[in-house]
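Enquirer:
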Amino acid sequence: MEVHECVSFILVKGDQVLLETRSKDKDSDPGMIAIPGGHMEKGESQPMTLLRELDEELNIKPQRCGYLCSLYHPTTELQLLHYYVVTDWVGDIQSLEAESVNWYPIINAPVATEVDRIALSEYRRLQSVLKSVFNNGGSINNICG
């Protein structure tokens, strides 16, 4: 079975996370509340996909971000989701591809899939470490800012 790589982005503002309600015409997870993201295109690196997808889906450019984890997600295809945390960005968030995007408390985020629940749990587990990196002006892996 072919693995389809994707990049998902956990946008964090205080104790809230931005989630999308996926379009009903999507092949994978239609209509579900999810962490936004998209497929990697041929020849793209994860950071390139992150920058492209943030622009295409939300019309923003990240200033502080970093890699969190990678998890498999069996849906209509086998996906390998690479999760990134974004804590600062430039631009006003717009929902350009999803039905809608909304802020939810991280602790009770109503994500529909187990893979997104695991990623948010991993973020909460590492939250204090990640905050210290970002608050010192850093970006993990020097991708953003």
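In terms of my numbering, the sequence shown is numbered consecutively and its last residue is 141. Glycine is no exception: its CB is placed at the ideal position from the N, C-alpha and C atoms. Remember, it's a predicted structure, so these values are computed and weren't measured experimentally.
Alpha carbons only, please: which of 77, 114, 100 and 126 is nearest the one belonging to residue 45?
Expert: Translated into the one-based positions of the sequence shown, residue 45 becomes position 49. Per the Cα distances, 77.
Enquirer: Which whole-angstrom value describes the C-beta separation of residue 74 and residue -1, a residue pair presumed to lie in contact below a C-beta threshold of 8 Å?
Expert: Counting from one through the sequence shown, the residue named residue 74 turns up at place 78. Counting from one through the sequence shown, the residue named residue -1 turns up at place 3. Indeed, because the Cβ distance is near 5 Å, the residues count as touching under 8 Å.
Enquirer: Between residue 3 and residue 81, which are expected to be in contact by the criterion C-beta below 8 Å, what is the C-beta distance as a whole number of angstroms?
Expert: Residue mapping note: residue 3 aligns to position 7 of the sequence shown, counting from 1. Residue mapping note: residue 81 aligns to position 85 of the sequence shown, counting from 1. About 12 Å; that fails the 8 Å criterion.
Enquirer: Report the three-state DSSP secondary structure of residue 102 (helix, strand or coil).
Expert: Residue 102 sits at position 106 when you count from the first residue of the sequence shown. The answer is helix: DSSP assigns residue 102 an H, G or I state.
Enquirer: How would you label residue 88, buried or exposed, when you count the other beta carbons within 10 angstroms and need 16 or more for buried?
Expert: Residue 88 sits at position 92 when you count from the first residue of the sequence shown. Flag for residue 88 reads exposed.
Enquirer: My assumption, with CB atoms under 8 Å, is that residue 32 sits in contact with residue 16. Please give the rounded CB distance.
Expert: To locate residue 32, count along the sequence shown from 1; it is residue 36. To locate residue 16, count along the sequence shown from 1; it is residue 20. About 5 Å separates the two Cβ atoms, so the contact holds.
Enquirer: Output the distance between the C-alpha atoms of residue 39 and residue 1, rounded to the nearest integer angstrom.
Expert: Numbered from its first residue, the sequence shown carries residue 39 at position 43. Numbered from its first residue, the sequence shown carries residue 1 at position 5. Looking at the two C-alpha atoms, the distance is approximately 12 Å.
Enquirer: Within 10 angstroms of the Cβ of residue 83, are there 16 or more other Cβ atoms? Answer buried if so, exposed if not.
Expert: On the sequence shown, position 87 is the one that residue 83 refers to. Buried, because 16 or more other Cβ atoms sit within 10 Å of the Cβ of residue 83.
Enquirer: The alpha helix (DSSP H) spanning residue 76 covers which residue range?
Expert: As a working mapping, residue 76 is identified with position 80 in the sequence shown. Residue 76 -> not in any alpha helix (DSSP H); beta strand (DSSP E) instead, spanning 74 to 86.
Enquirer: So, for residue 107: in the same chain, excluding its five sequence neighbours on each side, which residues have a beta-carbon less than 7 Å away from its beta-carbon?
Expert: As a working mapping, residue 107 is identified with position 111 in the sequence shown. Excluding sequence neighbours, residue 107 sits near 15, 29, 30, 31, 113 and 116.
Enquirer: Could you check what DSSP says for residue 18 in three-state terms: helix, strand or coil?
Expert: Stepping through the sequence shown from its first residue, residue 18 is reached at position 22. In this structure, residue 18 counts as coil in the three-state DSSP scheme.
Enquirer: Relative to the alpha-carbon of residue 86, which residue among 6, 57 and 66 has its alpha-carbon at the smallest distance?
Expert: On the sequence shown, residue 86 is found 90 positions in, with the first residue counted as 1. Ranking the options by Cα distance to residue 86, first place goes to 57.
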